[in-house]
Amino acid sequence: LAKKDGDDWILNGTKLFVTNNIVADVHVALGLDENKEMKAFFFEGNAPGFEHSVAENKFGMKGSGGGTATYKNVRVPSDMVCSAGIGDTSIYYYAYIFAATIALGAAEGCLEKAIEWAKNRTANFKPLSSMQAVAQKLAKLKSMVVVANSVVYDAAALYANPETINEACLKSQICKAYVTELAEEVTRECIKLFGGMGYHSSEYYHYMSDVMATIIMDLPTEYHYGGIAKLMGLDH
Ligand SMILES: Cc1cc2nc3c(=O)[nH]c(=O)nc-3n(C[C@H](O)[C@H](O)[C@H](O)COP(=O)(O)OP(=O)(O)OC[C@H]3O[C@@H](n4cnc5c(N)ncnc54)[C@H](O)[C@@H]3O)c2cc1C
């Protein structure tokens with residue numbers, strides 16, 4: 032909870048899983064004020080009372096750091112604070128589409144490798160790709176990736192245009208909920224095709240562990256399907 036003190040705001044609390052917390056010079060914290068209104072607080076990493084640590088072990092996203100931020104009476108001047116809204120205001124659409132682009136890139140990269148693998152890896156002296164079940168599976172995965180690509184680019188185009196930014200609300204949540212889960216299915220099926228190598232080599236399995244992060248970060252799938260249901264006029 033953020034409390035007003037004269038012209039400043041005072042922040043206290045702990046936030047887990049903050050990506051790139053160690054390398055950032057400028058940080059933004061989202062917090063509720065005493066009226067339960069969400070605000071964004073901007074401050075520099077050396078602000079007194081602000082500390083962070085690094086999480087050593089995580090399932091995927093090994094290329095980016097992440098850790099715990101703690102706030103002990105961190106003072107932020109009022110001119111570094113703005114209103115943020117909760118979850119369904121336009122500043123979040125970018126994050127939802129961004130998560131989907133990571134998932135889409137992982138699905139595309141993993142599928143490209145799986146197609147090459149299926150052409151070169153043999154079973155019973157024949158390439159895996161010569162089996163109808165394998166070829167059809169790859170065709171289905173390719174179709175999923177192409178559909179996901181359209182949704183992501185569509186949402187990004189709506190978001191990039193100030194006149195259509197509000198229309199990006201539904202599509203950014205569809206991106207986040209549907210494309211990330213679709214990418215999990217694509218990467219999982221590809222790992223099965225890579226066989227034991229898929230399980231043992233991070234060259235292959237990192238795609239799936241990275242995609243799992245995109246499903247959870249920036250609010251999990253269930254939250255977004257809740258938001259989509261609301262936009263459809265379904266009360267729940
Ligand atoms: C790779 C990664 C990077 C991240 N980076 C950042 C960052 O930079 N900054 C930051 O602030 N946070 C970051 N996070 C934290 C992230 O935003 C949260 O982990 C995420 O929003 C889920 O919140 P939670 O962990 O508290 O899970 P919980 O809220 O406890 O949810 C656990 C599970 O409960 C279910 N659930 C939750 N809500 C609902 C609902 N409304 N309806 C139905 N089911 C529900 C879902 O299955 C959900 O996965 C990151 C997380 C990951 C994995």
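Everything in the sequence shown is counted per my numbering, starting at 32 for the first residue and increasing by one. All residues carry an ideal CB built from backbone N, CA and C; glycine is no exception.
Reference residue i, options the options, closest by Cα
| i | options | result |
| --- | --- | --- |
| Gly44 | Ala126, Ala208, Met69, Phe81 | Phe81 |
| Ala55 | Tyr125, Pro79, Met69, Gly96 | Gly96 |
| Glu220 | Leu265, Gly258, Glu143 | Glu143 |
| Ser181 | Ile128, Ala149, Gln163, Ser161 | Ile128 |
| Asp249 | Ala214, Met263, Tyr125 | Tyr125 |
| Phe120 | Gly136, Ser203, Pro158, Lys150 | Residue identity differs from the one stated: residue 120 is Thr in this sequence, not Phe. Among Gly136, Ser203, Pro158, Lys150, the Cα nearest to that of Thr120 is on Ser203. |
| Cys113 | Leu172, Ala164, Trp40 | Trp40 |
| Val165 | Val177, Val178, Asn151 | Asn151 |
| Lys67 | Leu32, Tyr123, Leu201, Ala100 | Leu32 |
| Thr101 | Phe156, Leu42, Glu65 | Leu42 |
| Ile146 | Glu65, Ala170, Lys261, Met111 | Ala170 |
| Ala179 | Glu198, Phe156, Leu213, Lys168 | Leu213 |
Alpha carbon of residue i to alpha carbon of residue j, nearest angstrom
| i | j | result |
| --- | --- | --- |
| Gly37 | Val85 | 33 angstroms |
| Tyr230 | Leu63 | 43 angstroms |
| Glu139 | Leu189 | 23 angstroms |
| Ala191 | Ile117 | 21 angstroms |
| Ala60 | Phe73 | 7 angstroms |
| Gly258 | Met175 | 23 angstroms |
| Lys103 | Pro79 | 8 angstroms |
| Gly76 | Lys93 | 22 angstroms |
| Met263 | Ala187 | 21 angstroms |
| Cys268 | Lys34 | Lying outside 32 to 267, the shown extent of the chain, residue 268 is not represented and no answer is given. |
| Glu216 | Pro108 | 46 angstroms |
| Ala106 | Val57 | Note that residue 106 corresponds to Arg in the displayed sequence, not to Ala. Approximately 14 angstroms between the Cα atoms of the pair. |
| Ser233 | Thr50 | 21 angstroms |
| Lys173 | Lys46 | 38 angstroms |
| Ile122 | Ser160 | 44 angstroms |
| Glu198 | Val177 | 22 angstroms |
| Ile196 | Lys261 | 18 angstroms |
Proximal residues to residue i (C-beta, below 6 angstroms), its chain only, five neighbours per side dropped
| i | result |
| --- | --- |
| Ala208 | Thr252, His255, Tyr256 |
| Phe48 | Gly97 |
| Ala71 | Val59, Leu61, Cys113, Ala115 |
Secondary structure of residue i, DSSP reduced to three states
| i | result |
| --- | --- |
| Ala179 | helix |
| Ile41 | strand |
| Ser232 | coil |
| Asn151 | helix |
| Ala126 | helix |
| Leu142 | helix |
| Glu82 | strand |
| Val54 | coil |
| Met69 | strand |
| Glu75 | strand |
| Phe225 | helix |
| Ser114 | strand |
| Asp64 | coil |
| Lys93 | coil |
| Asp185 | helix |
| Asn88 | coil |
| Thr195 | coil |
| Thr245 | helix |
Cβ shell of residue i (< 7 angstroms), same chain only, five flanking positions each side left out
| i | result |
| --- | --- |
| Ile53 | His83, Val85, Gly96, Gly98 |
| Met69 | Leu61, Leu63, Ala115, Gly116, Ile117 |
| Ala154 | none |
Contacting residues, own chain, Cβ-Cβ under 8 angstroms from residue i (five flanking each side not counted)
| i | result |
| --- | --- |
| Gly91 | His237, Met239, Ser240, Asp241, Val242, Met243, Ala244 |
| Thr211 | Ala130, Ala131, Ala134, Val242, Thr245, Ile246, Thr252 |
| Val183 | Ile128, Ala131, Thr132, Leu135, Cys206, Val210 |
| Pro158 | Ala149, Lys150, Asn151, Arg152 |
| Glu194 | none |
Legend entry - the region 210 to 225 in contact with the region 141 to 161 per 3-pair CB rule at 8 angstroms: yes
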